[in-house]
Structures are given as structure tokens and as C-alpha cells.
Amino acid sequence: MISRIFSIGFITLFCCACENSTKQSQNEEVKSFELSPNTSLFDIDIPMVQGEVLEVEEHLDLKMLEDQNNFAYSPKEIQQHFSKPYTLKYDFTGFDPDSVRRVPKPGIHPRVFFGPDELPDLRNRLKTTLPGQKIMTAINKELNNNIRKEGSPTSAGYQALVNGDETVEIHKNISIAYGALYEAFRCLIEQDEEGGKQVAKAIVTIAKIDQKKIAAEIKKFKEKNPQAKRIDFRVTAKNPSQNGALGLMYDWAYHFMNEEQRDIVREAIVMASNKMTLQGAQNLRTIRTNSSNWISWTSRLVCLLAAIEGEEGYDPVAYQHSVQAMKWFFSLSIFPDGESHEGWGKQFLMAELVYIMARRGEYFFANQNVRNTFNRYWLHALNPWGRKDEEFGGVSGPFTFYDSQGGTKTRIPSLPDILVYKKLYPKDPAIDFIYRSAMGEDYGSFSERINLRHHFSTYDGFCKAIFAMNFDHSKTWEEAHADLTKDKDLTYFSVDTGNMITRSDWSPDALYFHYNNRSMPGGHKYSDRGHFNVYADGRYWGIYEKMRQVREAFLPMNRSTVMIDGRGVSIAPGKCVDHVSNDLTSFTVSDLKITYDYSHNYLFPLKGEDRKKKVMLPHSYNEFRLEPSEYPYYNLTQDMRPHWYDSLKKPYDQRMGGSNSAAWRKHDIPMKKAFRTAGMVRGKHPYILIVDDIQKDDQKRHYEWGMTLASDVNLNKASKDLAILGDDKNRQLVVQMLSADGLEDAPKIKEVRSKNPPQPDKVIPKLVFNSHAKAPNFKALIYPPRGEQAQVSWNEDRTQLTLTWSDQVDLITFREAEDGRTRIQIQRQAKCIVEIK
0 MISRIFSIGF
10 ITLFCCACEN
20 STKQSQNEEV
30 KSFELSPNTS
40 LFDIDIPMVQ
50 GEVLEVEEHL
60 DLKMLEDQNN
70 FAYSPKEIQQ
80 HFSKPYTLKY
90 DFTGFDPDSV
100 RRVPKPGIHP
110 RVFFGPDELP
120 DLRNRLKTTL
130 PGQKIMTAIN
140 KELNNNIRKE
150 GSPTSAGYQA
160 LVNGDETVEI
170 HKNISIAYGA
180 LYEAFRCLIE
190 QDEEGGKQVA
200 KAIVTIAKID
210 QKKIAAEIKK
220 FKEKNPQAKR
230 IDFRVTAKNP
240 SQNGALGLMY
250 DWAYHFMNEE
260 QRDIVREAIV
270 MASNKMTLQG
280 AQNLRTIRTN
290 SSNWISWTSR
300 LVCLLAAIEG
310 EEGYDPVAYQ
320 HSVQAMKWFF
330 SLSIFPDGES
340 HEGWGKQFLM
350 AELVYIMARR
360 GEYFFANQNV
370 RNTFNRYWLH
380 ALNPWGRKDE
390 EFGGVSGPFT
400 FYDSQGGTKT
410 RIPSLPDILV
420 YKKLYPKDPA
430 IDFIYRSAMG
440 EDYGSFSERI
450 NLRHHFSTYD
460 GFCKAIFAMN
470 FDHSKTWEEA
480 HADLTKDKDL
490 TYFSVDTGNM
500 ITRSDWSPDA
510 LYFHYNNRSM
520 PGGHKYSDRG
530 HFNVYADGRY
540 WGIYEKMRQV
550 REAFLPMNRS
560 TVMIDGRGVS
570 IAPGKCVDHV
580 SNDLTSFTVS
590 DLKITYDYSH
600 NYLFPLKGED
610 RKKKVMLPHS
620 YNEFRLEPSE
630 YPYYNLTQDM
640 RPHWYDSLKK
650 PYDQRMGGSN
660 SAAWRKHDIP
670 MKKAFRTAGM
680 VRGKHPYILI
690 VDDIQKDDQK
700 RHYEWGMTLA
710 SDVNLNKASK
720 DLAILGDDKN
730 RQLVVQMLSA
740 DGLEDAPKIK
750 EVRSKNPPQP
760 DKVIPKLVFN
770 SHAKAPNFKA
780 LIYPPRGEQA
790 QVSWNEDRTQ
800 LTLTWSDQVD
810 LITFREAEDG
820 RTRIQIQRQA
830 KCIVEIK
């Protein structure tokens with residue numbers, strides 16, 4: 000392994016050759032050189048580090064710890080639990096240095112996302128490329144239906160702003176101010192001087208209104224936190240500054256304003272940004288304290304700071320806080336395999352903010368974990384047949400993600416995350432492929448309505464415009480997919496979460512199995528440990544229903560799990576106890592006992608005297624992982640872990656409520672066992688095998704094995720242990736209960752009704768097998784028959800099962816071990832193809 004050493008301040012960078020880099024002889028001299036403490040992206044020799052990974056060892060920030068009084072930990076506890084350095088890895092392979100220009104000198108505008116020298120190219124791309132044309136059409140359409148729509152409240156509000164009316168309720172009807180933001184962008188791009196002068200007047204009024212609101216919020220914050228050295232931007236100025244968009248208004252309308260107007264707007268920006276800090280800026284560096292999507296959302300503070308850098312009132316410390324927050328968010332919120340701690344259904348990288356920082360010399364956009372999101376996780380989470388625009392409309396997409404806002408047939412939640420990386424790595428095949436899969440073959444996502452009605456989404460439209468690019472049209476989607484996947488593993492597994500995605504092959508008709516163990520819970524978690532998805536023959540069968548953040552959406556009845564007397568898994572983690580994978584099989588084993596034994600007070604509130612039964616979850620992160628983490632804080636139980644928002648060591652009654660609170664209840668009757676072994680066997684006839692070793696106690700109880708279904712799936716045939724599902728194209732899926740004690744009537748599709756206020760109830764079809772037994776011992780077989788069903792035969796003592804097709808015979812041996820979990824061995828042609836010990 001070849002290493003180049005870079006010194007950046009007190010940080011050492013190691014540049015390690017990747018496997019595909021050219022090997023140098025042992026005698027060849029390795030170049031080394033020193034960089035200054037102020038080293039920036041622009042000082043790195045990008046051609047020199049292609050094909051290599053830069054490693055940075057990061058140590059505790061002792062000054063920050065001193066300023067924060069060790070976050071209420073003792074010096075010994077800090078040393079014991081939090082002192083191990085992180086090695087952060089960066090990959091510039093494929094990075095285009097021309098994609099990031101140096102920010103202009105202070106006082107030159109525009110400057111936040113692009114400078115005056117970049118405007119001609121931006122205008123040309125928006126005129127001549129299909130995505131550019133589509134997004135500008137969408138922006139103008141939204142403005143026509145927003146601030147230009149005659150007689151509408153939004154149009155009237157905008158005109159009132161132009162006329163200087165400071166009573167306009169822009170913080171209630173947020174579309175008015177965001178409409179002004181997009182009008183400023185449009186006027187800049189289309190060089191509309193008259194419209195620019197009008198929007199400049201509106202922005203001045205917005206700034207005056209914002210300043211009053213922000214001043215009041217800061218006053219309240221200081222009264223509540225008299226000892227605070229800096230002000231929490233999220234609490235005081237995030238929403239009143241239109242999530243930092245006031246800075247963009249100033250930047251884009253700068254040349255339409257006179258000096259007096261600029262001073263007024265700048266004064267409001269200074270108030271909204273000076274002396275500010277944000278979550279993640281100064282905290283203990285742990286997986287939980289640096290992973291909330293509140294960090295990335297709140298980091299829009301940088302849009303205010305970047306707009307006035309070098310001008311009067313600019314706060315460089317606040318900027319550095321923004322950088323630190325995002326740097327560690329990128330480093331710790333994404334696991335090395337590319338999966339997100341928060342869950343990709345609710346994860347917002349806000350890569351556009353990191354692009355702003357890159358223009359100012361920061362290089363952490365190249366974090367290898369994020370690169371693996373494209374190369375590994377998103378590629379595997381993409382359904383086998385990709386995106387069909389006739390099937391996926393405005394808010395849908397071709398990915399499957401877990402947790403809040405996740406689901407089958409969903410999209411990457413923050414499209415700028417893809418747009419920015421396509422800009423940074425324009426020829427990277429994985430990024431290009433994810434970009435085209437997310438945006439559509441005809442760039443349909445660029446035509447979606449610009450959302451000015453929710454703070455989360457308001458940046459999407461102008462990011463689509465700024466980063467609009469063509470994907471590689473020299474290949475069809477199928478050709479690009481084939482090239483990208485020809486050497487890829489068929490299985491994704493994360494040692495951090497225990498989650499697994501596997502498939503029979505990389506074809507569009509592949510049998511696809513997505514299993515959710517979730518040994519590391521995120522911030523927006525559902526009761527879904529052990530849930531699975533099944534896709535085959537180019538369609539969805541077993542699904543993960545997309546749900547909102549309402550109480551009933553969190554309940555286990557909505558997921559493909561085992562219910563016991565109407566109760567199921569909780570939001571506690573699932574313990575991963577084994578994973579085996581080879582060319583022919585991939586299996587993961589979960590121990591779900593703890594997630595059955597505990598319920599969270601947010602979902603099932605304790606009342607009266609029962610409130611005394613609240614406990615903290617007495618388990619560490621490492622207790623749920625297949626392999627323990629090297630970081631000592633993973634061994635801390637909940638009572639010792641730093642609080643997710645402020646990093647403080649504090650008792651549970653001082654921790655925030657909701658699903659992130661520390662209030663749990665242990666059920667009076669614990670589970671005897673709750674193992675789920677789930678996986679796929681590949682071959683001419685691929686199939687999924689799910690074995691549930693589950694038992695509450697020694698009483699007979701009602702067990703319900705469930706699989707949530709796509710809404711157009713029918714039950715074509717049902718016998719006591721067999722369900723044959725179908726659709727209107729004669730595609731079928733067999734779900735056969737190979738073994739189950741106390742199995743009751745034939746399986747059926749029931750409707751799970753989940754309250755979804757203020758919208759109509761969610762109705763989820765669910766295939767269920769019911770058992771009345773002490774321990775049902777469910778063993779389920781799932782496969783697409785494709786013209787031939789398997790013949791199933793057991794030996795006399797039902798320890799060996801033979802699955803027979805005309806051209807494939809598999810012998811499966813089941814053995815219950817002392818811990819109550821079934822061990823499995825599968826043979827084919829007298830050879831063992833897998834043994835789950």
C-alpha cells in the first residue's frame with residue numbers, strides 16, 4: 000500500500016492507493032509535501048490523487064470541550080468514551096476541478112452558488128439543454144400561478160411587498176417570500192431589469208419584516224438562555240429568514256438594488272446570522288449527535304453568511320460553525336456502506352450547502368461514505384427495472400427506503416443531493432446512473448411543480464436550474480445498468496444496520512428481497528424490525544407502505560412482521576446475530592426479542608401510576624450489532640449516551656419528547672424468543688426463505704404472520720398453507736407456509752386501516768397466516784412460479800425438506816439449537832451451498 004502524507008494544521012492526511020491504481024515498486028520514492036493549516040480544496044493536486052483515497056485522522060477538539068464544560072461528562076469519561084480519533088476518508092476519483100470555482104472577492108455578486116463569470120454558461124445551459132429548458136418552464140409556471148396570478152392572495156401579498164407594506168404575513172403564507180426568491184433568480188437569469196427592480200423592492204420589505212421577527216425571537220432566546228455565548232439559528236432565525244433564502248435574494252437581486260436597499264437587506268441578514276450557531280457545530284462527535292437531518296436543514300445559515308462574506312457584519316465564526324456541523328454530518332450520518340443513520344426516506348444531505356462551502360475551499364463533499372451511497376446503497380435500493388415515467392408520477396420514484404417518508408416506489412428525498420454530485424463528478428458512471436434513474440429518461444423531475452409551500456422543498460427548484468446537466472445519452476438505461484452492475488455483488492449488507500438487499504440476478508425480472516433488521520435506530524423510526532419487501536417479474540409484491548409522521552403510522556400492524564395477540568415489534572433496534580452470503584445464497588438472522596419486550600411511551604403512553612414504570616432502554620449500540628464498533632461510546636447505554644441535540648449527559652426526564660425521548664416500558668411478560676432468519680437462495684428457480692422462531696410464553700396465543708402488499712395484488716388461490724398471488728398481467732407469486740403449528744384457516748388478504756389525519760385513512764392490504772399455538776414455528780417459502788411450482792416433501796420427523804423442480808432439487812435441513820433458533824443447511828446436487836450456524 001502506497002501512502003502520501005499531507006499535514007494540515009494538526010491533522011495528517013494519508014493518501015492511500017486504491018486497488019485499481021498503478022502499483023509502484025517498493026524502491027520508488029514516495030512523494031510527500033507539507034500543506035499549510037489553511038489548505039483548501041484548491042491546493043490539492045487533483046490529478047495526482049485520482050484513484051486514491053485520502054485519509055484524515057481527526058482528534059478531539061479540546062478547546063471546544065473546555066468551552067462546553069465537557070458536556071457534563073467528567074474528564075475521565077471523555078477520555079474513556081469519546082477520545083478515539085476518527086479516520087475520515089475522501090475520494091476525488093472522477094472529480095472535475097472545473098466544477099467548483101473560487102468565490103469572487105467580497106462585494107462581488109452573485110457569489111453564493113456562482114459568480115459573474117459563471118453566469119453566461121448557466122444561462123446557456125438553461126436555454127439549450129432539455130433539463131434546463133424544463134426547469135425554467137416549471138419556474139415560470141409556478142410564478143404565473145403564484146405572485147403573478149391575478150386576484151390571488153399570494154399575488155396581492157407580493158404587490159403589497161413591492162409597495163412597501165410591512166404588514167404582509169409572509170411567515171404564514173410562505174409562498175409569497177419564496178415567490179420573490181424565485182423571481183429574483185428568474186430576473187437574474189433572463190436579465191429582466193424591470194422585473195429585477197420590482198423584486199428588489201419586495202425583498203427590502205421582506206427584510207424589514209424579517210428583522211422585526213428575528214429580533215423578537217432573539218430576545219426570547221436570550222431571556223431563556225442568559226448564559227448562552229451564541230444564538231441557536233434553528234430556534235430564532237431559520238424560518239423567519241426563509242431558511243437562509245434571504246441571503247440568496249440579496250445575492251441574486253444585488254445589481255437590481257441601490258445602496259440604500261442593499262444596506263437594509265444586509266442589516267437583516269446580519270441580524271439573522273451574526274453570533275449564530277447551530278446543532279452539530281459544537282458537540283461530541285458521535286453517530287447520534289451528528290446525524291439528525293435538523294443539522295443539514297439548519298445549515299442553510301450558510302446562505303446568509305456566504306451572501307455577505309467580507310461585508311460589514313459578517314461573522315466568520317458562524318461560518319466555521321456551519322462548516323463543522325456539515326463536515327461531521329457528512330462524516331457520521333452516513334455509514335461506510337452508504338446507508339443513512341436517519342434512514343434515506345428522511346435523510347437530507349443538503350449537498351447544495353456543501354457546494355457553497357467547496358467554493359470557499361472545503362473538500363469534505365468527497366467523503367467516501369457519501370460516494371458509497373451512490374456506488375452501493377442507492378444502486379441496490381433501486382428497484383430492478385428502474386424508473387418508468389408512465390408509472391411514476393410527480394412524487395414517486397424507483398427506490399425503496401425505510402423509516403419516515405420512506406417506502407416502496409419512493410424517491411431520493413433531496414434531489415439537490417444528486418444534482419450537486421452530478422456536477423462535481425460528471426463522468427462517474429454510478430452517479431450518472433443514479434442521476435438519470437432519479438430524474439427520469441426524459442428529465443421528468445425537472446418539470447415537477449416548484450414547491451414553495453414547505454420549507455424543506457423550496458431549494459429544489461433553483462438547485463435543479465443551477466445544476467441542470469445532461470446524463471450520458473450514449474447508452475440506454477439498460478446498457479448503462481448492465482455496464483455498472485456486471486461486476487457488482489448481488490447482495491448489499493450493512494454491518495452498521497444489519498439490513499440486507501439481495502436479488503437473484505441484475506435483470507429487470509429478478510427476484511428481489513429487501514430485509515430490514517435496523518440495529519442502529521434513526522431519528523424518525525417506525526416499528527418495522529424484521530420487515531421485508533419482495534419484488535419479482537418486474538413488479539412490486541410485498542411492499543413497505545409510505546407513511547407520514549402521525550402516531551398510527553409508527554405501529555407494527557403496517558409492516559410485514561409477526562403480531563402476537565395484536566402486538567408487535569417496537570421502534571427499539573433489532574439485533575443482528577448472523578449474516579452469510581455467497582454466489583448462491585444470502586441470509587441475515589435477527590434476534591428481535593428486545594424490540595418485542597419494550598414499547599416506547601410515544602406510541603403507547605403510560606398513564607397514572609403506570610408512569611412510574613418508565614425506564615431508559617438498558618442496552619448499548621454494540622449489543623445490537625453483528626460486529627462491535629471500535630468506538631468506545633458504542634458500549635454506552637442510553638442513560639450515559641450524549642443527548643442527540645446538545646450532546647449533554649442528562650437524565651431521561653430532561654430529554655426531548657416524541658420518538659426521540661428516553662421513556663420506555665418493559666412489558667410484564669418478556670418474550671421467550673423472537674428470531675427471524677430471512678434470505679434468498681439463487682438458481683434456476685430462486686426463492687426466499689423466512690423462518691420465525693418466535694414464542695411469547697407457555698400459553699397458546701394468536702400469532703399473525705403478515706406480508707404487506709401492493710394495492711393491485713390479488714389472492715388467486717388459497718388453501719390452508721398456501722397463497723398464490725396474482726395481478727392483471729398473469730404474473731404470480733407463491734407464498735407457502737412450509738410449516739406452522741396451530742395454523743388456522745386459509746390465508747387471506749386483510750385490510751389494515753391506519754389513521755392518517757387530516758388526510759383519509761391509509762388502507763394497506765396484508766396477506767396473513769394465522770396460528771393459535773404456544774410457538775407457531777413459521778417457515779415461509781416465497782417465489783415466482785414462472786410456470787412451475789415446487790414440489791414440497793418432508794422427511795418423517797420433519798427435519799428435512801426437499802424442494803423439487805424439473806431442473807433443480809434443494810434439500811433443506813432444519814435443526815433447533817439450544818438457544819431456540821433454527822439452524823439451516825441447504826444442499827444442492829449433494830453439495831452444501833449454505834449453512835446458517
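The opening residue of the sequence shown carries number 0 in numbering that gives the first Met the number 0; numbering runs sequentially from there.
Glycine included, every Cβ here is placed at the ideal spot set by N, Cα and C.
It should be emphasised that the depicted structure is a prediction, and the values quoted were computed from it without experimental measurement.
DSSP places residue 184 in the uninterrupted alpha helix (DSSP H) bounded by 173 to 189.
By the Cβ neighbour-count rule, residue 82 is exposed, with fewer than 16 other Cβ atoms within 10 Å of its own. In the DSSP assignment, residue 820 forms no beta bridge with any residue.
Under the three-pair Cβ rule at 8 Å, the stretch 550 to 560 does not count as touching the stretch 635 to 645. Residue 409 counts as buried, since at least 16 other C-beta atoms from the protein chains shown sit within 10 angstroms of its C-beta. Under the DSSP assignment, residue 295 falls outside any beta strand (DSSP E), being part of the alpha helix (DSSP H) whose first and last residues are 292 to 297. Here the alpha carbons of residue 374 and residue 814 stand approximately 38 Å from one another. Secondary structure in the stretch 595 to 679: the beta strand (DSSP E) runs of 3 residues or longer, each lying completely within the stretch, are 597 to 599, 663 to 665 in chain order. Rounded to the nearest whole angstrom, the CA to CA distance from residue 770 to residue 739 is 7 Å. By the criterion of a C-beta distance shorter than 6 Å, residue 326 is surrounded in its chain by 363, once the five residues flanking it on both sides are discounted. Within the model, the alpha-carbon separation for residue 256 versus residue 456 is close to 27 Å.
At a Cβ-Cβ threshold of 7 Å, residue 404 and residue 463 do not count as neighbours.
Residue ranges of uninterrupted alpha helix (DSSP H) with 4 or more members, entirely inside the stretch 47 to 83 and ordered along the chain, are 61 to 66, 74 to 81.
Annotation: the stretch 684 to 712 contains the following complete segments of the beta strand (DSSP E) (minimum length 3 residues), in chain order: 686 to 694, 700 to 707.
Under the three-state reduction of DSSP, residue 538 is assigned to strand. Within 10 angstroms of the beta-carbon of residue 475 lie fewer than 16 other beta-carbons, which makes it exposed.
For residue 563, the uninterrupted beta strand (DSSP E) segment begins and ends at 561 to 563. Positions of the alpha helix (DSSP H) runs, each at least 4 residues long and wholly inside the stretch 364 to 388, are given as 367 to 371, 377 to 380 in order along the chain. Rounded to whole angstroms, the Cβ separation of residue 578 and residue 674 is 14 Å, and the two are not in contact under 8 Å. The C-beta distance from residue 451 to residue 177 rounds to 4 Å, short enough to meet the 8 Å contact threshold. At a Cβ-Cβ threshold of 7 Å, residue 662 and residue 612 do not count as neighbours. Distance between residue 818 and residue 695, taken at the CA atoms: about 14 Å. With a minimum length of 3 residues, the unbroken runs of beta strand (DSSP E) contained wholly in the stretch 714 to 764 fall at 721 to 725, 731 to 738, 747 to 753.
If you look at residue 499, you'll find it in the beta strand (DSSP E) that goes 499 to 502.
With a minimum length of 3 residues, the unbroken runs of beta strand (DSSP E) contained wholly in the stretch 405 to 489 fall at 406 to 409.
When secondary structure is reduced to three states using DSSP, residue 198 falls in the helix class. Within the same chain, 409, 410 come within 6 Å of residue 396 by CB-CB distance, once the 5 residues on both sides are set aside. In this structure, the CA atom of residue 270 is about 51 Å from the CA atom of residue 666. A residue is called buried once 16 or more other Cβ atoms fall within 10 Å of its Cβ, and residue 444 is buried on that count. Judged by pairs of C-beta atoms under 8 Å, the stretch 505 to 517 touches the stretch 528 to 548, as three or more such pairs exist. Collapsing the DSSP output to three states places residue 774 in coil. Rounded to the nearest angstrom, the Cβ distance from residue 776 to residue 692 is 7 Å, consistent with a contact under 8 Å. The C-alpha of residue 525 is placed about 18 Å away from the C-alpha of residue 563.
When the beta-carbon positions are compared, residue 832 and residue 811 stay at least 7 Å from each other. Ranked by Cα distance from residue 754, the first of 719, 556, 263 is 556. Contact between the stretch 263 to 281 and the stretch 227 to 238 is established, with three or more Cβ pairs separated by less than 8 Å.
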